[in-house]
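Quick note, the sequences are listed as chains A and B, same order. Heads up: the first sequence begins at 4 in our numbering, then just goes up one per residue. Heads up: the second sequence begins at 40 in our numbering, then just goes up one per residue. We treat Cβ as the ideally placed atom computed from N, Cα and C, and that holds for glycine. This structure is a prediction, so every number in the text was calculated from the model and none was measured. In what follows, a structure is listed as structure tokens, so that the remarks can point back to it.
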Amino acid sequence: MALEAIYVQVLALILFSIGLIVAIARRNVFFVLMGVEIALNAVNLSFVGFAKTLPADLSVAGQIVPLFSIAIAAAEACVGLAMVILIFRNRESVDADTYSNMKG
Amino acid sequence: MTNLPLWLIPLFPLVGTVLLGAIAVISSGSKKGPAEGIVGFLAVIFPVLAFASVVLLAWGMPTEGLRQTLCNWIDIPLFKVDIGFLFDGLSRIMLLFVTGIGSLIALYSIGYMHGDRGFARFFAYINLFLFSMIVLVLSDSLLLTFLGWEGVGLCSYLLIGFWNKDLSNCKAANKAFIVNRVGDIGFLLGMLCLVTVGGSEILNYDSLSAFIQMLIAGGHVEIVLPLLSLAGLLFFIGCTGKSAQIPLLTWLPDAMAGPTPVSALIHAATMVTSGVYLLARMGNLFSLLPVVLLIITLIGLATAFWAAVAGLFQNDIKKVLAYSTISQLGYMFMAAGVCAFDASIFHVFTHAFFKAALFLGAGAVIHALAGEQDMRKMGGLLRKTPVTACVMIFAFFAIIGFPGFAGFWSKDLILERLYTSGSLGPIFYGVGLLTAVITAIYMSRLIILTFFGSYRGSKESEEHIHEAPASMLLPMVVLSIGAIFAGYFWADSLGITMFKDSLAPVLSTAQSGVAHVHVNPIIFAGLGTLAALLGMFIALKVYGNARVPAAKGSSAPEGFKADWTFFFDTIHKFCGIIPVAVLAWIVDMVVEKILQAAQWMVGAIAEILGDGVATFQVRKVRLQLALSVAGVAILVAVVLLTGGSI
Chain A
4 MALEAIYVQV LALILFSIGL IVAIARRNVF FVLMGVEIAL NAVNLSFVGF AKTLPADLSV
64 AGQIVPLFSI AIAAAEACVG LAMVILIFRN RESVDADTYS NMKG
Chain B
40 MTNLPLWLIP LFPLVGTVLL GAIAVISSGS KKGPAEGIVG FLAVIFPVLA FASVVLLAWG
100 MPTEGLRQTL CNWIDIPLFK VDIGFLFDGL SRIMLLFVTG IGSLIALYSI GYMHGDRGFA
160 RFFAYINLFL FSMIVLVLSD SLLLTFLGWE GVGLCSYLLI GFWNKDLSNC KAANKAFIVN
220 RVGDIGFLLG MLCLVTVGGS EILNYDSLSA FIQMLIAGGH VEIVLPLLSL AGLLFFIGCT
280 GKSAQIPLLT WLPDAMAGPT PVSALIHAAT MVTSGVYLLA RMGNLFSLLP VVLLIITLIG
340 LATAFWAAVA GLFQNDIKKV LAYSTISQLG YMFMAAGVCA FDASIFHVFT HAFFKAALFL
400 GAGAVIHALA GEQDMRKMGG LLRKTPVTAC VMIFAFFAII GFPGFAGFWS KDLILERLYT
460 SGSLGPIFYG VGLLTAVITA IYMSRLIILT FFGSYRGSKE SEEHIHEAPA SMLLPMVVLS
520 IGAIFAGYFW ADSLGITMFK DSLAPVLSTA QSGVAHVHVN PIIFAGLGTL AALLGMFIAL
580 KVYGNARVPA AKGSSAPEGF KADWTFFFDT IHKFCGIIPV AVLAWIVDMV VEKILQAAQW
640 MVGAIAEILG DGVATFQVRK VRLQLALSVA GVAILVAVVL LTGGSI
């Protein structure tokens, strides 16, 4: 069976939706972070899918951009985890709903 | 050996600076400081090497001089400057005595600074000074000269404030630096003026001369005369700052706060004469500008007279010498003002010897009296420190122009050139001669108060009076020999014109415009001698037997004497310091009060708005995320539905 462009994109869409729903629905801040990561990787997958299925001369960007975004995602995960750990130490809680002192 | 590269001369003191600076920094943690033997050796050997290379170069110098371009410095469109050196008759003379006297004074300082904690630091500064001074003198363009000009100003600042534990020393250093900066602005603007007239290449001295020759040949002088006059005037302001002429002269007496060898080297023999050097170096330009020349003569005359009278009122031995330096510099400027550049450089040359000898002698006296500088507490030192006394008395004969001594030849030459300079000449000559009389009076007063009569200090201190060590005496003796014989390089009445001939290739075009009236030099020599003798006689009558008033707390002059001495300080205060202070106060008010009020207002508005917006904030982070995702979804939907063309 030939690889159709739509298959990869649908997979990416499903992954993205799972990530978003996890980020919104879970209260544990670590799961929120994981959801964000999944959503990010779904986008990478979408890029790579296009790179694979589009003609070769258009596909270069689709191969390069994910490389950058993976590198940056690694850094972002570091910072994000560090922040989460700091917040956890301060608040003694991993419940995202208790982080509300921005409000007034 | 004439193929010695010119950059070797400034390189030696630079290496010395780096080595001594490194030693000073490394040893800064230890309590005792570095070994004085090795530091002293390093401090003297580099100036001596520089002096030796200057001598070697001077020996085989071709008449038109040596020119070497080291490298390119600035190369941008419309502005090209090279780092190049020019070794000709003028820079040869300057370099010989700068490095020569510099070496002698470095040797002297080993004795004078013995036991000082900043021993290595002091010599690092001295070497840095010599480097800057050599760059100033040796450079072939105004821009590189300016680099050296700033360098010597910096070293002057560092060395005046060398004993920086005392606040008054730091204030004197600041004053010297700031007053010099005012002059430096003149120098910078002068360069700017020249660049406006002829492009950046005429910053080079050779090109400047060629440019001026071209102007004269083409008859275009009148067209650019206003701009050139402005440039000349601005350069002259730079010179007044560096050479302590009216109106920027107040820093030099205060600069005596530094160690005495520094006063001798920087504030008497070399640095302060760089203004005269610049005038001579640009003689071709100045000889075209009659108005500027007249101003230079008048300023020199006024400075010489004022400083001589101020010198009469001082009680501090170094202050007397400081005012005498200002006065002698006034003579040099007078000579430059009547286009007698060779005479003024000759006076620079002889003055360097006798003034350095006087200062070193004063240093030896201060050393002998354990730091006492007030002449009212001295007296009778002739028997206690005979060598110092002899050195100072020889130098004293040189400065008052006693026949046969160095100052006699150079000062009479200047006075003669003043007399023959034109319709105003006799008036200039009269004032110059009067100043010479006053010079003789205040210098005789110094000698009488210090060396004759009986000792006026306390009994205990009298027992500690001792002659200086050999490392201090040797340079003094050498300099005093210079003070006696330096004048014989150019003795018109004896037919010796060696000095004049060596300068002629550089300065002859600048001086060719002056009509040479032949006068009998014997009459001038006679009148000059008479002036010196008259001054000595008056001083002997007034100060010889008079009871010296007992010294009160401070050595500063009082009453009308203070008014005269600090006249220009007062003028600076009203014309310079107070307006700037008022301006600073206004700016401070604007920034502190008005701008800050505006700042606070903006801040307050942001805070109030923020408080309002914060009420829209929902409590849960997840809900916010969901809302923002929904917002994005709505936006995308709207864009899709409308085709992005709302």
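Interface flag, residue i vs chain A, CB-CB below 8 angstroms
i	result
B:Arg156	no
B:Val660	yes
With 16 other Cβ atoms within 10 Å as the buried cut-off, status of residue i
i	result
B:Gln284	buried
B:Arg422	exposed
B:Glu646	exposed
A:Arg92	exposed
B:Asp627	exposed
B:Cys194	buried
B:Lys204	exposed
B:Cys378	buried
B:Ala653	exposed
B:Cys345	Just to set this straight, residue 345 of chain B is Trp in the shown sequence, not Cys. Buried is the call here.
B:Pro286	buried
B:His386	buried
B:Thr609	exposed
B:Glu455	buried
B:Pro44	exposed
B:His406	buried
A:Tyr10	exposed
Helix, strand or coil at residue i [DSSP, three-state]
i	result
A:Asp98	strand
B:Asp155	coil
B:Ala530	strand
B:Phe209	One point to set straight first is that residue 209 of chain B is Cys, not Phe, in the sequence displayed. Residue state, collapsed to three classes: helix.
B:Leu105	strand
B:Asp381	helix
B:Asn111	strand
B:Asn243	strand
B:Ile535	strand
B:Val558	coil
A:Leu61	helix
B:Lys580	helix
B:Phe118	strand
B:Ser178	strand
A:Asn93	helix
B:Val433	A quick correction: the sequence has Phe, not Val, at residue 433 of chain B. Note: B:Phe433 maps to helix in three-state DSSP.
B:Phe444	coil
B:Gly123	strand
B:Asn166	helix
Cβ of residue i within 8 angstroms of any chain B Cβ
i	result
A:Ser103	yes
A:Asp100	yes
A:Ala85	no
Beta carbon proximity, residue i to chain E, threshold 8 angstroms
i	result
B:Ser363	Considering every chain present, this structure includes no chain E. Its protein chains are A and B.
- request: Closer than 7 angstroms, Cβ to Cβ, to anything on chain A: give me those residues from the stretch 663 to 685 of chain B, in chain order.
  value: Leu664, Ala665 and Val668
- prompt: Got a sec: which bits of the stretch 9 to 26 of chain A sit with their beta carbon under 7 angstroms from any beta carbon on chain B, in order along the chain?
  reply: Leu23 and Ala26
message: Any contact between the stretch 385 to 392 of chain B and the stretch 474 to 487 of chain B? By contact I mean 3 or more CB pairs, one from each, below 8 angstroms.
response: Look at the beta carbons and you see the stretch 385 to 392 of chain B not touching the stretch 474 to 487 of chain B: under three pairs across the two are nearer than 8 angstroms.
- request: Please determine if the stretch 392 to 405 of chain B and the stretch 140 to 148 of chain B are in contact, where contact requires at least 3 C-beta pairs separated by less than 8 angstroms.
  value: Contact between the stretch 392 to 405 of chain B and the stretch 140 to 148 of chain B is present, because at least three Cβ pairs lie under 8 angstroms.
message: Using 8 angstroms as the cut-off, can you tell me whether the stretch 267 to 287 of chain B makes contact with the stretch 212 to 227 of chain B, which would need three or more C-beta pairs spanning the two stretches below that distance?
response: yes
task: Assess, as a yes-or-no matter, whether the stretch 121 to 133 of chain B is touched by the stretch 175 to 183 of chain B under the definition of 3 or more beta carbon pairs within less than 8 angstroms.
output: yes
message: Is it the case that the stretch 35 to 44 of chain A contacts the stretch 60 to 80 of chain A, given that we only count it when at least three CB pairs across the two stretches are under 8 angstroms?
response: yes
- prompt: So, do the stretch 495 to 512 of chain B and the stretch 416 to 436 of chain B have three or more beta carbon pairs nearer to each other than 8 angstroms?
  reply: yes
field: Stretch-stretch touch, CB-based, cutoff 8 angstroms, three pairs: the stretch 55 to 64 of chain B with the stretch 122 to 136 of chain B
entry: no
message: For the stretch 302 to 312 of chain B against the stretch 255 to 266 of chain B, do three or more pairs of beta-carbon atoms, one drawn from each stretch, fall closer than 8 angstroms, so that the two count as touching?
response: No, the stretch 302 to 312 of chain B does not touch the stretch 255 to 266 of chain B.
message: Quick check: the stretch 209 to 219 of chain B against the stretch 286 to 306 of chain B, are at least 3 beta-carbon pairs closer than 8 angstroms?
response: yes
message: Contact between the stretch 568 to 577 of chain B and the stretch 478 to 488 of chain B is defined here as three or more beta-carbon pairs at a separation below 8 angstroms; is this criterion met?
response: yes
message: Below 8 angstroms, how does it come out for the stretch 24 to 37 of chain A and the stretch 97 to 104 of chain A: are there three or more Cβ pairs, yes or no?
response: yes
query: Any contact of the stretch 69 to 76 of chain B with the stretch 103 to 112 of chain B, i.e. 3+ C-beta pairs under 8 angstroms?
result: no
message: Would the stretch 341 to 358 of chain B count as touching the stretch 413 to 420 of chain B if we require 3 or more Cβ pairs under 8 angstroms?
response: yes
field: Stretch-stretch touch, CB-based, cutoff 8 angstroms, three pairs: the stretch 154 to 161 of chain B with the stretch 136 to 145 of chain B
entry: In the pairwise beta carbon analysis, the stretch 154 to 161 of chain B is classified as not touching the stretch 136 to 145 of chain B: fewer than three pairs are separated by under 8 angstroms.
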